[in-house]
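Residue numbers (the UniProt record's numbering), protein chains in the order written: chain X, 1 to 386; chain P, 1 to 386; chain L, 1 to 386; chain B, 1 to 386.
Yeah, the Cβ is synthetic: ideal placement off N, Cα and C, and Gly gets one too.
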């Protein structure tokens, strides 16, 4: 078993990036339910994100979404973040909320639309230069709804062309993170539907092109930890978008639907060296009906708990059982770690960092929820689905 | 084989109800793409629906959605419809687009919200009285997103109570149609997730409570035609909501994703006597990226083609093969009908009804699309996802 | 929270029936891997089952499978069981392993085959009379592989007829348990594919006809605990066939694939009164590659752990959170119980019953595995897939 | 639209390889139903395969499965085939039906088992040398059933090592075809679960390593034609294993479950140049309950019909509609081809080749079924699942 001190040290180093858009309203195609006190500006989102970091000590960076988080002065925004104890993180592009993108963005049959989308991606790189962000995360809503609607293969050619142009534009310390998604909003084909497609494109681009695994973007029954292990083996796992789902891309709190799966994923991350490499751990969630800040705190905690359990796996005993073909014993070694209640350990870790052992309770006591509900009245949030 | 004359007669009698909301804008949680010329009023929706009937001869009624189609004078609306050659059909309730319904409507933990939802359902019955509609179609977005969020069983009790109250309110010639849905917008539980749940509730209500099969509301791999056959055998198939899907509830044009499945469904409908009974055939679709009126015309045609093929099955030869256990021959008899090109037959049927054999071409020539694009400027549609 | 004493008492009363066939070899269509020491006779299966009960204290009965467990003298078999500390339990019929059943058994198009199948079911009732078994569990492999192969609706009529004949034959203290299965071995239709179909048949039969929930027999994404809650609400949950699956009907050890789901199921069982009613808790698993007896011990323990966690849910706190619409708190109350490490509690329970706290270790020390490997040489097991 | 003469020419050139094992008995884990007249020797399988070619003119080669088709003299077997009008085709390895392979073959934790498996693969290459076969098709049943059972990543290393050794052994005109499979017989992980994994391995091996798409080996909802288009774009589509499925790997007759999907796949094959390249089109099916030879004839015909429809797509009209963003028209162009009844065209093609227009009827009239039923009595087939 990993030494307790080493487990604690690993947990203290773990960082989960929270997404600015998760602090705003979200919903389904049926309804976006407005919540009181949600941020109306990028600055207010950063304030909320800072609260998550204040109580967890594990969420030091905030992902931006362009254009939702567009500001005139990114240096000032970065300073604002710094002043609140967090940093700006990954820049996320958006090529799906403009009427021009009805039939796609970088894969659109019309070159003018593709150009517009590409210009937006270039703008994102400019913003990265201004914010000092390392990662550009690309998710394309591109795809088709009906067989025959467009030429599946030409769309790949268009995609490859756009990716190459963006990759070319990146600085030496910047990365292109390509996200795949099984379905939605396109229903018949998705232009980057699986890890294989993302991987094949990244291979052609170069070493700073990496794949993003969004835990909600797979077909039913897919073994996600296998993909994680494979991408780590190939040196192409760039980041996670964490969330959880029962059926489709439900974007529920990570660990809420299948905590055992999250544990298995974190085990493969650790086993493959992903915890101490450049893999970025991000949340990508929608808190449609639950309070947003505590939901994000809970999500960070869920990642921590899965990580702690994965760190506790007795890897030597596991290797012995595996090599001897003792199926039950190997499984038992893994389950022993999973069945451990790691909450006391994590409370200790937090206390050693000078934090409250129970971040949710501490947040509730802080009065922040009441304050933003009272103060953030009027105005309008720029957000997704809003 | 069914006599050609009988096949034609059956096709001439077939009616597909189109939904008022399909004429308006729709989309996904990511974006609703606005289309030019979409209706802004219930009357304009009826005008468009009338065009679908004018060119297909098979869409004589229009389903209403309350409150999207609320008007002051329903008798006048019915007369407006009549003047345009169509009739008002099923009334659809909406208990999901109000902030109060964040945690449910008739299953909500708060009795005040349940009362509000029930009042809406009563209002729908009042509207049915005014329009002369036979059917009230109930789909509840109720459910939960997280394990533990609410008591699954108490929600059933609340649902049963509301359904009983509505059923009680119905007139002797009115029906309650209960729709089930596997998931979405709730992600963990749905309060009427499957036909079994809808059926069990209907059984307790009485004979005028019937189940609605929405072809997009099932788990992957579900054999929908089996459910159709079973509900017909039980005397509880009230209606269809037709659409098609590749993965979730995609609401694509019926027959677009799996035309063979639609054929099998129509075969079971015919075999179970559903074509000549009170089963209502409705569309429930979203034309997010394609032109709406021609998409609805195409959908009506797809239902007709599947029906024509199903009518052509040589049921005597099929029975002989089935009884003798000749698997390949029985399958071949079914496939022989499916592989037949029924478009010439349907063109004949239309021409015998005084229609153009090619409804899409006729619609395109009619100039309606250009006219509404030019005239319907300004104003705002009331619609779903809008 | 439930009082600790009450939790322990409930756990001490819990009984899980183990299936005689799980002690024998099993496999996939690709290969049945033989294991050393597997039973060759019903008596040897009972010996193994007795070991599971000896070390867990929670597996007092053994389900029989006819004809695999056919003997000349069932009274003697019952006495043999008694002498080894266990009892005979549910009788399982088998109408799938005879060449005559290629196109079905009770749903077969040929009346002679249906008659043969029905005679087998009657024989099973006779055996129940001899063994004193309460429950007859019926699972039919019936279905079709190709559209058109047989008449879906007539097959339901044939099924209803057979079920009625069997129900009629039962004694007043005997029950008919009808199991549904989504797919396999039939691929296009299954004659009892879902709980709704099983429920509808049971309703017509009478109160002693009850539904069996096999946890591996559902479409992907199905919420099984919802079905459990619904069947308990309807008074029609007769039994569980426990196992777990990642994709299809994998028949892995219960709790191995999704322990959180098993916990949620046990929570609904407890909440619906199923723990103290006549619901039968059975395993139905295949230990294709792992040692069978310890796998079954582990499975019993997994059920116990899930039950213990479900018993620990603070139902008062849960109700408060649910009624106030506090989504996060309600979920947290449930997760608090799930995240508890209940293994020490269960060790205590076992020790209070005079057992070793660690049944797997105790079994390993017992030498039983070595003994049967040495002694059970030659002969042939009668089993499934063998 | 493609010129009719060109369509006919393409159809006349199309070849579908039939698998020797499909002529033998097969089944599910529940039961293998024996059929009268099935082959008992490789020679008898070739005789049956020759009949399929005799009546379809489109099945000129037969895939072998080692060890099921092991003979002392492969040159003699090739000559036997030639004398019957067919040729030996792809060699399929089998590393799943030996007790040693319980925990895997080339991925097994034990080096001795891996060595045994590799020796078998080398033997297969030797057989290819003797038969003159071009392709070695590798499908590995390797995987794990339980989390923790083995090290996922080390298994990839072992796999890579074995593949490299086999690739090295191949002659310059020989290919390694790597097949992926989503699940079964392993239930937790499969060592080559998706096209991405197969593709990544092939990339490292070299240009003669190609991916096999088995149409039944995907998660629910997977867009197979997208994978086909992508692999063709990457130059890595080596072969198809055709069959169809409703839920899992059902191995039903190709085109039986979703003929529209098969059409879409063939469209992407043609669009990507796969019809005239080195892509091998093979069947891999199990005719568990239907007569085998006519089922295989029907399967070849289903591939031909899908191909004919795909050839009829008016690609110019399609491109115009696609480029102009006319979703409905583009879909309509595709559907127009799909809705065409191509059976008369295929009858013409056959007649022009001197064959009967209706291969099934011709086979039935031939008396072959009666002859083999009478003659093939006694003996035992070597086959899968038997």
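query	result
Are the stretch 119-130 of chain X and the stretch 164-179 of chain X touching, with three or more C-beta to C-beta distances below 8 Å?	yes
Using a Cβ-Cβ distance under 8 Å, would residue 365 of chain B count as near chain P?	no
Which residues in the same chain have their Cβ closer than 6 Å to the Cβ of residue 162 of chain P, if we skip the five residues on either side of it in sequence?	106, 118
Quick one: list the residues of chain L neighbouring residue 328 of chain X, beta-carbon separation under 7 Å, in chain order.	290, 291, 294, 295, 298
Name the two residues that bound the continuous alpha helix (DSSP H) containing residue 123 of chain L.	111-131
What is the DSSP secondary structure of residue 186 of chain P, reduced to helix, strand or coil?	coil
How should residue 16 of chain P be labelled, buried or exposed, when 16 other C-beta atoms within 10 angstroms of its C-beta is the threshold for buried?	buried
Determine the chain X residues that contact residue 156 of chain B at a beta-carbon separation under 8 Å, and present them in chain order.	229, 230, 233
Mapping the DSSP letters down to three states, classify residue 61 of chain B as helix, strand or coil.	strand
Comparing C-alpha positions only, which one of B:38, B:310, B:160 sits nearest to residue 369 of chain B?	B:38
So is residue 29 of chain B in contact with chain L if we call contact Cβ pairs under 8 Å?	yes
Quick check: is the beta carbon of residue 394 of chain B nearer than 8 Å to any beta carbon in chain L?	Nothing about residue 394 of chain B can be reported from this structure: the residues present for chain B run from 1 to 386 only.
Output yes if chain L places a C-beta closer than 8 Å to the C-beta of residue 373 of chain B; else output no.	no
Could you check whether the Cβ of residue 13 of chain X sits closer than 8 Å to any Cβ belonging to chain L?	no
Would you identify the three-state DSSP class for residue 214 of chain L, choosing helix, strand or coil?	strand
Output the residue ranges of the alpha helix (DSSP H) runs that lie fully inside the stretch 262-314 of chain L and measure 4 residues or longer, sorted by chain position.	292-312
Considering only the alpha carbon of each residue, which of L:338, L:203, L:308, L:248 lies closest to residue 14 of chain L?	L:308
Are the stretch 108-116 of chain P and the stretch 205-221 of chain P touching, with three or more C-beta to C-beta distances below 8 Å?	no
Short of 7 Å Cβ to Cβ, which residues in the stretch 167-198 of chain P face chain X?	183, 184, 185, 187, 188
How far does the alpha helix (DSSP H) with residue 242 of chain B in it reach, from first residue to last?	It is not in any alpha helix (DSSP H) - residue 242 of chain B instead sits in the beta strand (DSSP E) that spans 237-242.
Take every Cβ of the stretch 44-61 of chain P, pair it with every Cβ of the stretch 319-328 of chain P, and state whether three or more of those distances are shorter than 8 Å.	no
Taking C-beta to C-beta, are residue 176 of chain X and residue 134 of chain X nearer than 8 Å?	no
Output the distance between the C-alpha atoms of residue 95 of chain L and residue 158 of chain P, rounded to the nearest integer angstrom.	42 Å
Does residue 213 of chain L get closer than 8 Å to chain P when you measure Cβ to Cβ?	no
Compare the C-beta of residue 220 of chain L with all C-beta atoms of chain B and state if any pair is closer than 8 Å.	yes
Helix, strand or coil for residue 245 of chain X, going by three-state DSSP, please let me know.	coil
How long is the line joining the alpha carbons of residue 386 of chain L and residue 18 of chain L, rounded to whole angstroms?	Only weak support is given to the placement of residue 386 of chain L: the predicted model assigns it a pLDDT of 40, under 50, and the value that follows is read from those uncertain coordinates. Taking the straight line joining both Cα atoms gives about 19 Å.
Between the stretch 335-366 of chain B and chain P, which residues of the former have CB atoms less than 7 Å from a CB of the latter, in chain order?	339, 340, 341, 343
Just to make sure I have the definition right: I need the residues of chain X whose C-beta is within less than 7 Å of the C-beta of residue 147 of chain B. Which are they?	264, 331, 334
Given a limit of 8 Å on CB to CB distance, which residues of the stretch 124-145 of chain P reach chain B?	none
Does DSSP put residue 389 of chain X in a helix, in a strand, or in coil?	A query on residue 389 of chain X cannot be resolved here, the shown segment of chain X reaching from 1 to 386 and no further.
Determine whether the beta carbon atoms of residue 142 of chain B and residue 196 of chain B lie at a separation below 8 Å.	no
Keeping to the same chain, check which residues put their C-beta closer than 8 Å to that of residue 257 of chain B; ignore five residues upstream and five downstream.	244, 245, 246, 250
List the residues of chain P that residue 390 of chain B touches, going by C-beta distances under 7 Å, in chain order.	Shown here, chain B extends from 1 to 386; a query on residue 390 of chain B therefore has no answer.
Kindly indicate if chain P contains any beta-carbon less than 8 Å away from that of residue 109 of chain L.	yes
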